[in-house]
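Chemist: Quick one: the structure is below, questions incoming.
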Amino acid sequence: MINVLAAKFNQVDASISATTAQITALQTKLSELQDYRQQLLSVEQAIQSALSQVDTALIMLTHVDPTQIDTFKDALTIKFTTDAIGILSPADTAPTQPIEPEPFAPTAPESQTVPDESVIDVQSTPADITPVETIAPTAPESPATDIETLLNKMSLADIRKLAKAKGADARGNRVNIAARLKVLVTKAEVLAVS
Numbered sequence: 299m300i301n302v303l304a305a306k307f308n309q310v311d312a313s314i315s316a317t318t319a320q321i322t323a324l325q326t327k328l329s330e331l332q333d334y335r336q337q338l339l340s341v342e343q344a345i346q347s348a349l350s351q352v353d354t355a356l357i358m359l360t361h362v363d364p365t366q367i368d369t370f371k372d373a374l375t376i377k378f379t380t381d382a383i384g385i386l387s388p389a390d391t392a393p394t395q396p397i398e399p400e401p402f403a404p405t406a407p408e409s410q411t412v413p414d415e416s417v418i419d420v421q422s423t424p425a426d427i428t429p430v431e432t433i434a435p436t437a438p439e440s441p442a443t444d445i446e447t448l449l450n451k452m453s454l455a456d457i458r459k460l461a462k463a464k465g466a467d468a469r470g471n472r473v474n475i476a477a478r479l480k481v482l483v484t485k486a487e488v489l490a491v492s
């Protein structure tokens with residue numbers, strides 16, 4: 299039997315092969331882009347965590363010894379010198395071999411754990427003892443969790459407005475801003491804004 303449409307079948311088969319090759323190339327490109335996006339997400343999370351830790355350290359340093367802020371700033375600046383920047387090799391932007399697409403399942407980011415800090419007990423005897431005046435609080439303090447809960451219920455615009463009013467960094471998402479603000483604001487201030 300003679301196949302009357304043999305030329306047409308060959309043409310369609312060639313189109314199928316070409317389309318399959320294009321799909322494979324697009325799947326490879328998609329996989330590379332997804333991997334790169336995941337890397338960017340990890341970097342963003344690390345940056346947000348680092349900024350939050352710097353904010354906390356700066357608040358604590360300002361409270362304990364504001365004269366050391368420039369030393370802290372210099373220590374951070376040193377981190378940006380060429381010698382101090384990471385040991386990781388630069389990412390390969392163009393793979394040398396085609397990569398077979400693998401199923402991609404997003405993973406939950408690992409939780410950042412804060413290292414245990416040992417407590418140092420210091421005793422000192424002041425040379426001149428003066429009586430300390432007790433100042434009555436203007437409003438009873440609420441536990442930090444209550445303040446944090448109230449902050450997390452606020453809209454992003456309101457929490458940013460409160461952060462700016464308190465002189466805190468208003469960048470980031472609501473949870474990060476709330477974490478910075480919970481040590482700076484009172485329950486009354488939060489309720490006044492919301």
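So the working numbering is basically just the index in the sequence shown, starting at one, shifted up by 298. For glycine and all other residues, C-beta sits at the position ideal for the given N, C-alpha and C.
#1: Buried or exposed for Ala373, please, with buried defined as at least 16 other CB atoms from any protein chain shown within 10 angstroms of its CB.
#2: Determine the closest residue to Ser350 out of Lys485, Ser492 and Arg478, with distance taken between C-alpha atoms.
#3: Could you give the distance in angstroms between the alpha-carbon of Gln320 and the alpha-carbon of Glu487?
#4: Between which residues of its own chain and Asn474 is the CB-CB distance below 7 Å, once the five residues before and five after are set aside?
#5: Looking at C-alpha atoms only, which residue of Ser492, Thr447 and Ala344 is the closest neighbour of Gly470?
#6: My output table needs one value for Lys464: the three-state DSSP class, helix, strand or coil.
#7: In this structure, how does DSSP classify Lys485 when only helix, strand and coil are distinguished?
#8: For Arg335, which of helix, strand or coil comes out of DSSP?
#9: State the DSSP-derived secondary structure class of Val302, mapped to helix, strand or coil.
#10: First and last residue of the alpha helix (DSSP H) that includes Lys371?
#11: Figure out for me which residue from Ser313, Lys371, Asn308 and Val341 has the closest Cα to the Cα of Ala355.
#12: Go ahead and label Phe445 buried or exposed: buried means 16 or more other beta carbons lie within 10 angstroms of its beta carbon, across all protein chains shown.
#13: Let me confirm a value: Met358 is counted as buried when at least 16 other C-beta atoms fall within 10 Å, else exposed. Which label applies?
#14: Taking Cβ to Cβ, would you say Arg472 is nearer than 8 Å to Leu454?
#15: Excluding the five sequence neighbours on either side, which residues of its own chain have a C-beta within less than 6 Å of the C-beta of Arg458, listed in chain order?
#16: Classify Asp363 as helix, strand or coil using the three-state DSSP reduction.
#17: Where does Thr379 fall in DSSP's three states?
#18: Pull up the distance between the alpha-carbon of Ala304 and that of Asp311, whole angstroms please.
#19: Thinking Leu449 and Lys480 are a contact (beta carbons under 8 Å), I'd like their distance in whole angstroms, please.
#20: Tell whether a beta-carbon distance below 8 Å holds between Val491 and Met452.
Modeler: Quick answer:
#1: For the purposes of this step, residue 373 is taken as residue 75 along the sequence shown, with counting starting at 1. Exposed, since its Cβ has fewer than 16 Cβ neighbours within 10 Å.
#2: As a working mapping, residue 350 is identified with position 52 in the sequence shown. Nearest of Lys485, Ser492 and Arg478 to Ser350, Cα basis: Arg478.
#3: Within the sequence shown, residue 320 is the residue found at index 22, counting from 1. Within the sequence shown, residue 487 is the residue found at index 189, counting from 1. The straight-line gap from Cα to Cα measures roughly 59 Å.
#4: What you label residue 474 is simply residue 176 of the sequence shown in a count that begins at 1. For Asn474, where only same-chain residues beyond five positions count, the Cβ hits under 7 Å are Gln346 and Ser350.
#5: In the sequence shown, the residue the question calls residue 470 occupies position 172. For Gly470, the nearest C-alpha among the options comes from Ala344.
#6: On the sequence shown, position 166 is the one that residue 464 refers to. In the structure shown, Lys464 sits in coil (DSSP, three-state: anything other than H, G, I, E or B).
#7: Residue mapping note: residue 485 aligns to position 187 of the sequence shown, counting from 1. The answer is helix: DSSP assigns Lys485 an H, G or I state.
#8: Here the question's residue 335 lines up with position 37 in the sequence shown. Helix at Arg335.
#9: Looking up residue 302 in the sequence shown gives position 4. Of the three classes helix, strand and coil, the one that applies to Val302 here is coil, per DSSP.
#10: Taking the first residue of the sequence shown as 1, we reach residue 371 at position 73. Element bounds for Lys371: Ile367 to Ile376.
#11: In the sequence shown, the residue the question calls residue 355 occupies position 57. Nearest option by C-alpha distance: Lys371.
#12: Residue mapping note: residue 445 aligns to position 147 of the sequence shown, counting from 1. Contrary to the premise, residue 445 reads as Ile rather than Phe in this sequence. Looking at its Cβ environment, which holds 16 or more other Cβ atoms inside 10 Å, Ile445 is buried.
#13: Working through the sequence shown from its first residue, we reach residue 358 at position 60. Met358 should be labelled exposed.
#14: Taking the first residue of the sequence shown as position 1, residue 472 is located at position 174. Taking the first residue of the sequence shown as position 1, residue 454 is located at position 156. Result yes, Cβ atoms of Arg472 and Leu454 sit closer than 8 Å.
#15: Here residue 458 refers to the residue found at position 160 of the sequence shown. Taken in chain order, the residues that qualify are Ala468.
#16: Against the sequence shown, residue 363 aligns to sequence position 65. Reduced to three states, the DSSP call for Asp363 is coil.
#17: Here residue 379 refers to the residue found at position 81 of the sequence shown. If DSSP states are grouped into helix, strand and coil, Thr379 belongs with coil.
#18: Taking the first residue of the sequence shown as 1, we reach residue 304 at position 6. Taking the first residue of the sequence shown as 1, we reach residue 311 at position 13. Answer to the nearest angstrom: the Cα atoms are 10 Å apart.
#19: Locating residue 449 in the sequence shown gives position 151, counting from the first residue. Locating residue 480 in the sequence shown gives position 182, counting from the first residue. Indeed, because the Cβ distance is near 6 Å, the residues count as touching under 8 Å.
#20: The sequence position of residue 491 within the sequence shown is 193, counting from 1. The sequence position of residue 452 within the sequence shown is 154, counting from 1. Going by C-beta atoms, Val491 is nearer than 8 Å to Met452.
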